[in-house]
DNA sequence: ATGAAAGCGCTAACAA
DNA sequence: TTGTTAGCGCTTTCAT
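Residue numbers (my numbering), protein chains in the order written: chain A, 70 to 420; chain B, 70 to 420.
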C-alpha cells in the first residue's frame with residue numbers, strides 16, 4: 070500500500086516532509102492537506118481551523134511542496150524557458166534579467182540557457198526544456214528558427230522569438246532597420262566627401278544583420294557616399310574573428326575607415342583587442358557606431374555612438390505574444406545613445 | 070487500470086508520446102522501453118534488435134522522456150541551481166557561463182536565478198530550487214549565507230558558496246586580500262607624498278569587501294600614506310548610490326583623490342554616470358583601480374587597472390567541492406590586468 | 001466539511 | 001532476455 074516509509078520525520082533530520090507526513094501529524098487526509106496548503110481550501114470549504122492547524126504543522130516540519138510531483142500531475146511545471154546566445158553579454162544578459170523579473174512576477178521559475186549560437190546545442194537545449202514541460206519558451210538570437218518551430222510544434226510548445234525572428238511563430242525584434250538607419254545617419258554627418266564608411270560584424274544570413282545592412286546601404290547611398298561590397302564585412306559575432314577582420318581591413322586600407330558601423334558588442338570587443346596593439350592616434354579619425362549598448366563602451370577613449378535595444382520592452386512584448394498569440398512580428402524601436410552617456414538601467418538602484 | 074487514454078498518437082498530432090505508447094507500438098513492455106531508451110539495456114541484457122526497434126519507433130513518434138516523472142521517481146531532477154546577484158554584470162554572467170558549461174558537460178541542466186542581492190528573494194529562490202529537487206546549489210554573492218546554509222541543511226541540500234563565503238558550507242572565493250593588495254600597490258606607485266587614496270563601494274559587512282579593505286589599509290599604510298576612516302566609502306554596490314557617493318566625495322574634497330580603489334564594476338558604472346557631467350580633465354590626475362574586470366572598462370578614456378577574478382577556475386573548484394565536500398574555503402588567485410588590456414575570454418571564438 | 005482512491009510518466013525490484 | 005508491479009508526491013474527481 071501507499072504510505073509509511075518508516076521515516077516519520079517528527080524530528081527535523083532525515084528526508085523531506087510530504088503531505089502524507091503532514092496529514093498523519095494533523096489527523097487530516099492528504100487531499101485536505103493538499104487543498105489547504107495549495108490555497109484552494111475555500112473552494113473545498115475546509116474549515117479555517119483545520120487550515121490553520123495544517124499550516125502550523127507544515128511550517129514546523131519545514132514542508133515545501135515537491136514541484137516535480139505537482140508538475141507531473143498537472144502536466145505543467147511552472148518553469149518557463151529562455152534560450153539566449155550568451156550569458157556573458159550585455160544585451161542578452163539584459164534580456165535575461167528582464168525575463169526573470171517578469172517570470173517571477175507571474176509566479177513562474179525561469180530557466181535560462183545559452184546556446185553559444187550553436188544550432189545543434191540550441192535544439193538540444195530546446196528538447197531538454199520541453200522534457201521538463203516548461204510552460205513556454207523564448208528564443209533570443211535563434212540560429213535556426215525553423216528547426217525550433219518544428220520541434221515546438223511537435224511538442225505543442227508555445228514559443229516566441231526575440232531579437233532574431235522566425236517565420237513560424239510570433240516574434241519580437243528591435244526595429245533593426247530604423248535603428249541602423251539612425252545610427253548610420255549620425256555616423257555620416259560631417260564626413261568628408263569620398264569617405265568610405267564600413268559595416269562590420271554579424272552574419273548576412275540572419276534577419277537582424279540583413280535589415281541593418283539594408284539600412285546602412287540605403288543611408289550611405291542617400292548621403293552620396295560610394296558603397297562597394299568590400300565595405301560590408303560580415304565576419305560573424307565572435308570577438309576573435311572580428312579582431313582578425315579589422316586587422317585585415319586596416320592592412321588593406323592602410324588604417325581605419327572614416328566611419329565604422331559595428332554590429333554588436335562582441336564585435337566591438339574584438340576590435341578593442343586589436344586596438345590595444347596600435348598607437349592611440351589610430352582611432353582618432355574614425356567615427357564609431359555600435360548596434361547595442363554597454364555603459365562602459367559609452368565611455369571608451371574614443372567616442373562611440375550606440376543603439377540601445379529596449380530589452381525591457383522586448384520582453385514585455387514577448388510575454389504579451391505568449392498571452393495572446395498571433396503570427397505577427399512586433400518591432401520595438403531602440404534608442405540612439407550619444408557617446409559619453411550612461412543610461413541608467415531599471416536595476417541601477419541595485420547592485 | 071493504468072494505461073490507455075484513448076489517444077494513441079499514431080499520427081503526430083495530439084499529446085506527447087510516453088514509454089507506454091512506444092511499448093504498445095513495439096510490442097515490448099514499458100520497462101524494456103525505459104531501459105532501452107535510458108541507455109541501460111546492456112545491464113538488462115536486452116537484445117540489440119529490440120533496442121533498435123524501440124529506438125526507431127521512439128524516433129518516429131518524436132518521443133522524449135518526461136523529465137519530471139523521471140525526477141520524481143529517482144528523487145533527483147538532473148537540475149542544478151545557481152543563485153547569482155545579477156545576470157546583467159560581467160562578473161556574475163561570467164560565472165553563469167562557466168557554471169552552465171560545466172553542468173552541460175555533466176549532463177545536468179542549469180537553473181540560474183538572480184537575487185538582486187535581496188536576502189529575502191535569495192531565500193525564496195533557494196526554496197524554489199529545493200522544491201524542484203535540484204541536485205545541488207551554488208550561491209554566488211550570498212547576502213545571508215547563514216540563512217542559506219540553514220535552509221539547505223534542513224532540506225539536506227548540497228551547496229557551495231562562490232565569491233562570498235559562508236561559514237557553514239564549503240566556499241570558494243577569489244583571493245580578495247591578495248588581489249586587493251596587488252591592486253593597491255599598483256595604485257600607489259609614484260603617488261605624491263601626502264596623497265589620500267580612497268576606497269569606494271561594497272558593504273563593510275561582507276567578507277570580500279572587508280578583506281579587500283584590510284589589504285587596502287595595510288598596503289596604504291605600509292607605503293607611508295595617511296589613512297583615515299573617511300577614505301573608505303562603503304556605499305554598497307548599486308550604481309545609483311555609487312554615483313551619489315562619488316559626487317559627495319568630490320564635493321567634500323574639491324575633486325577626485327589621487328588614487329581610487331573601486332570595489333566592483335557596478336560601482337565603476339555609477340562613477341561613470343557622474344563623470345559624464347564633468348569635464349574630461351576631472352579624471353586626469355587620479356589613478357583608478359577596479360576589483361573586477363570588463364573588457365570595455367579596460368579601454369575607457371582614463372586608464373583603469375583591474376583585477377580579473379578567474380571565473381572559470383572559481384566554478385571548477387566549486388564543482389570539486391561538490392564532488393568531495395569539505396568545510397574548507399578555497400581561494401583562487403585573481404589576475405592583475407593593466408589598462409588597455411583586453412583579456413580574451415574562453416568564449417571569445419564564439420559570439 | 002472531508003476522505004478514499006486513481007493516476008500523471010517513469011524506474012527499479014522482483015519474477016519468470 | 002523480458003514482463004509485472006509498486007510507488008515517487010502530488011492533485012482531483014467522486015463519494016460521503
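Every residue gets a Cβ at the ideal spot worked out from N, C-alpha and C, and that includes glycine.
{"query": "So is the beta-carbon of residue 392 of chain A under 7 Å away from any non-hydrogen atom of the ligand SAH?", "result": "The model on display carries no ligand, and the ligand SAH is accordingly not part of it."}
{"query": "Given that a residue counts as buried once 16 or more other Cβ atoms are within 10 Å of its Cβ, and exposed if not, what is residue 393 of chain A?", "result": "exposed"}
{"query": "What separation, rounded to the nearest whole angstrom, lies between the Cα atoms of residue 423 of chain B and residue 143 of chain A?", "result": "No answer is possible for residue 423 of chain B: the residues shown for chain B start at 70 and end at 420."}
{"query": "Can you tell me whether residue 215 of chain A is buried or exposed? The criterion is at least 16 other CB atoms within 10 Å of its CB, across all chains shown.", "result": "exposed"}
{"query": "Is it true that the CB of residue 231 of chain B sits closer than 8 Å to the CB of residue 387 of chain B?", "result": "yes"}
{"query": "Looking at chain B, is there any beta carbon in it that lies within less than 8 Å of the beta carbon of residue 410 of chain A?", "result": "yes"}
{"query": "Would residue 359 of chain A be called buried (16 or more neighbouring beta carbons within 10 Å of its own) or exposed?", "result": "buried"}
{"query": "Go ahead and pull the three-state DSSP assignment for residue 374 of chain B.", "result": "strand"}
{"query": "Out of A:127, A:208, A:374, which one is the CA nearest neighbour of residue 240 of chain A?", "result": "A:208"}
{"query": "Please list, in chain order, the chain B residues whose beta carbon lies closer than 8 Å to that of residue 348 of chain A.", "result": "In chain order: nothing, as chain B lies at least about 11 Å away."}
{"query": "Verify the CB distance criterion: does residue 156 of chain B have a CB-CB separation below 8 Å to chain A?", "result": "yes"}
{"query": "Give me the chain B residues within the contact set of residue 224 of chain A, using Cβ-Cβ distance strictly less than 7 Å, ordered along the chain.", "result": "85"}
{"query": "What first and last residue would you give for the alpha helix (DSSP H) that runs through residue 128 of chain A?", "result": "117-129"}
{"query": "Give the secondary structure of residue 82 of chain A by DSSP, where H, G and I count as helix, E and B as strand, and everything else as coil.", "result": "For residue 82 of chain A, the predicted model reports a pLDDT of 45, less than 50, meaning its position is unreliable; a value from the coordinates is still stated below. It is coil, neither helix nor strand."}
{"query": "If we count Cβ pairs, one from each stretch, closer than 8 Å, do we get three or more for the stretch 236-254 of chain A versus the stretch 301-317 of chain A?", "result": "no"}
{"query": "Who are residue 360 of chain A's beta bridge partners in DSSP?", "result": "A:376"}
{"query": "Between residue 188 of chain A and chain B, is any beta-carbon pair separated by less than 8 Å?", "result": "no"}
{"query": "What is the rounded straight-line gap between the Cα of residue 366 of chain A and the Cα of residue 371 of chain B?", "result": "13 Å"}
{"query": "Out of B:177, B:226, B:152, B:161, point me to the one whose CA is closest to residue 188 of chain B's CA.", "result": "B:152"}
{"query": "For residue 369 of chain A, list the residues DSSP reports as bridge partners.", "result": "B:369"}
{"query": "At which residues does the beta strand (DSSP E) containing residue 151 of chain A begin and terminate?", "result": "148-153"}
{"query": "Tell me, please, whether the stretch 121-136 of chain A touches the stretch 334-354 of chain A by the rule of three or more beta-carbon pairs shorter than 8 Å.", "result": "no"}
{"query": "Counting only Cβ pairs nearer than 8 Å, list the residues of chain B close to residue 135 of chain A.", "result": "141, 200, 202"}
{"query": "Below 8 Å between beta carbons: does that hold for residue 269 of chain A and residue 302 of chain A?", "result": "yes"}
{"query": "How many Å lie between residue 193 of chain A and residue 94 of chain B at the Cα?", "result": "26 Å"}
{"query": "Given this structure, state the Cα-to-Cα distance separating residue 351 of chain A from residue 412 of chain A, to the nearest angstrom.", "result": "28 Å"}
{"query": "Sorted by chain position, which residues of the same chain lie with C-beta nearer than 8 Å to residue 235 of chain B's C-beta, five sequence neighbours on each side aside?", "result": "208, 211, 214, 215, 217, 218"}
{"query": "On a CA-only basis, which of A:385, A:290, A:347 is nearest residue 175 of chain A? Give me that one, please.", "result": "A:385"}
{"query": "In chain order, what residues of the stretch 294-321 of chain A put their CB closer than 8 Å to some CB of chain B?", "result": "305, 306, 307, 308, 309, 310, 311"}
{"query": "Runs of 3 residues minimum, wholly inside the stretch 283-341 of chain B: which ones carry the beta strand (DSSP E) assignment?", "result": "328-331"}
{"query": "In whole angstroms, what separates the C-alpha of residue 298 of chain B from that of residue 163 of chain B?", "result": "33 Å"}
{"query": "Short check: CB of residue 355 of chain B to CB of residue 328 of chain B, under 8 Å?", "result": "yes"}
{"query": "Select from the stretch 357-383 of chain B all residues with a C-beta closer than 7 Å to any C-beta belonging to chain A, and list them in chain order.", "result": "363, 364, 365, 366, 368, 369, 370"}
{"query": "Could you pull the start and end residues of the alpha helix (DSSP H) that residue 410 of chain A belongs to?", "result": "Counting along the chain, residue 410 of chain A falls outside any alpha helix (DSSP H), and DSSP gives it neither H nor E."}
{"query": "From the beta carbon of residue 416 of chain B, is the nearest beta carbon of chain A less than 8 Å away?", "result": "yes"}
{"query": "May I ask you to list, following chain order, the residues of the stretch 227-249 of chain A that have a beta carbon less than 9 Å from some beta carbon of chain B?", "result": "none"}
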